[in-house]
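The next block holds one structure in the form of structure tokens; read it before the comments.
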Amino acid sequence: MSEIIKEGTSQKTTVSRIGIVYICTGKYHIFWNEFYRTSQEYLLVKYEKHYFVFTDSDLIRQNRDVTVIHRKPGGFPMDSLLRFEMFTSIEKDLLLYDYVFFFNSNMCFVDTVDEEIFPVNYDSGLTGLIHPGYYNKHPFWFPYERNPKSKAAIKRGNKRYRYFMGSLLGGKTKSFLDMCEECVVKIREDLENEIIAVYHDESHLNRYFLDREILELDPG
Numbered sequence: 000m001s002e003i004i005k006e007g008t009s010q011k012t013t014v015s016r017i018g019i020v021y022i023c024t025g026k027y028h029i030f031w032n033e034f035y036r037t038s039q040e041y042l043l044v045k046y047e048k049h050y051f052v053f054t055d056s057d058l059i060r061q062n063r064d065v066t067v068i069h070r071k072p073g074g075f076p077m078d079s080l081l082r083f084e085m086f087t088s089i090e091k092d093l094l095l096y097d098y099v100f101f102f103n104s105n106m107c108f109v110d111t112v113d114e115e116i117f118p119v120n121y122d123s124g125l126t127g128l129i130h131p132g133y134y135n136k137h138p139f140w141f142p143y144e145r146n147p148k149s150k151a152a153i154k155r156g157n158k159r160y161r162y163f164m165g166s167l168l169g170g171k172t173k174s175f176l177d178m179c180e181e182c183v184v185k186i187r188e189d190l191e192n193e194i195i196a197v198y199h200d201e202s203h204l205n206r207y208f209l210d211r212e213i214l215e216l217d218p219g
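Mapping of the sequence shown onto our numbering: position 82 corresponds to residue 81, and the numbering continues sequentially without gaps.
Structure below.
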């Protein structure tokens with residue numbers, strides 16, 4: 000357990016439990032052991048962490064800090080597009096945690112990651128990663144969804160140009176789940192209209208973040 004002080008105030012937030020959601024269906028299960036090992040070594044080591052792993056692999060075992068949720072591969076792009084539905088399906092479990100973070104299956108940690116990823120100074124309660132491929136690039140190149148019929152659409156000329164990568168996101172649990180629930184609704188509306196956003200869940204994530212001040216993690 001640790002206390003985090005909001006910048007510019009004396010307001011303290013007690014943080015003790017971190018939920019981590021992780022998807023490794025199909026061949027992606029090969030990344031799990033290294034992710035888990037490096038997370039235990041480097042990620043928020045002062046806190047109790049619990050992993051919620053969506054997988055179809057029999058090689059990943061459930062234990063005291065790992066909950067395995069069986070999930071059959073949906074194929075491309077559904078495994079990625081429908082990830083927010085996976086997260087909301089375990090809402091009751093996640094609400095037992097102070098913060099929830101998602102990391103792509105092929106990520107691992109090489110150095111200490113600590114409280115700097117907690118969005119304590121942001122009313123949105125959310126953290127996102129600026130896409131390294133578009134860092135310091137002209138907004139002309141940002142691959143936003145431009146189809147006005149899509150719920151992920153972002154009009155040209157918007158003044159808040161940022162492009163986030165879908166591989167790392169999280170925040171306060173209620174804020175994280177609210178985001179997931181809204182994205183689920185919009186993705187389902189798109190699918191009913193036979194629309195899939197250009198970069199799937201990442202397009203919807205960027206649309207959600209567009210109207211909010213969030214903690215922006217530098218890709219460097």
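We put the CB at the ideal spot given by N, CA and C, even for glycine.
Short check: CB of L176 to CB of T66, under 8 Å? No, Cβ-Cβ distance for L176 and T66 is not below 8 Å.
Same chain, Cβ closer than 6 Å to N103, five either side skipped, listed in chain order: Closer than 6 Å at Cβ, skipping near neighbours: S166.
For K48, which three-state DSSP category applies? Strand at K48.
With three or more C-beta pairs closer than 8 Å as the rule, is the segment 55-65 touching the segment 22-36? Short answer: they touch.
Cα separation between D97 and K91? For D97 and K91, the distance between alpha carbons rounds to 13 Å.
Does the beta-carbon of T126 have 16 or more other beta-carbons within 10 angstroms, so that it is buried, or is it exposed? With 16 or more neighbouring CB atoms inside 10 Å of its own CB, T126 falls in the buried class.
Among A151, L168, N135, I194, the one whose alpha carbon lies nearest that of Y160: Of the listed residues, the one whose Cα sits closest to Y160 is N135.
R82 burial status per 10 Å Cβ neighbour count (16 or more: buried): That one is buried.
Going by other Cβ atoms of all chains shown within 10 Å of its Cβ, with 16 needed for buried, is N62 buried or exposed? Per the 10 Å Cβ criterion, exposed.
C-beta contact flag for M178 and E201 at 8 Å: Contact flag unset, no.
Taking S166 as part of the beta strand (DSSP E), name the residues at either end of that continuous run. Element bounds for S166: 163-171.
C-alpha distance - L93 paired with R145, whole-angstrom precision: Going by the C-alpha atoms only, they are around 33 Å apart.
Consult DSSP for Y21 and reduce its assignment to one of helix, strand or coil. Strand, per DSSP.
Backbone secondary structure at V183 - three-state DSSP: In this structure, DSSP gives V183 a helical state, which the three-state scheme calls helix.
Please name the residue in Y27, K150, D210, K154 whose C-alpha comes closest to that of V184. Comparing Cα-Cα distances from V184 to each of Y27, K150, D210, K154, the minimum goes to K150.
Which whole-angstrom value describes the C-beta separation of F100 and G169, a residue pair presumed to lie in contact below a C-beta threshold of 8 Å? With 8 Å as the limit, F100 and G169 qualify as a contact, their Cβ atoms being about 3 Å apart.
Going by C-alpha distance, which of H199, H28, I195, K171 is nearest E114? Comparing Cα positions, the closest option is K171.
Apart from the five residues on each side of it in sequence, which residues of its chain come closer than 7 Å, Cβ to Cβ, to V112? The residues are Y41, L42, L43.
Could you check what DSSP says for H28 in three-state terms: helix, strand or coil? It is helical.
Proximity of P118 and H199 at Cβ, strictly below 8 Å: No; because the gap between Cβ atoms is not below 8 Å, this pair is not in contact.
Straight-line Cα distance separating P147 from G18: Cα to Cα, the separation comes out at about 35 Å.
Grab me the residues of E181's own chain with a C-beta within less than 8 Å of its C-beta, minus the 5 sequence neighbours each way, in chain order. Excluding sequence neighbours, E181 sits near Y207.
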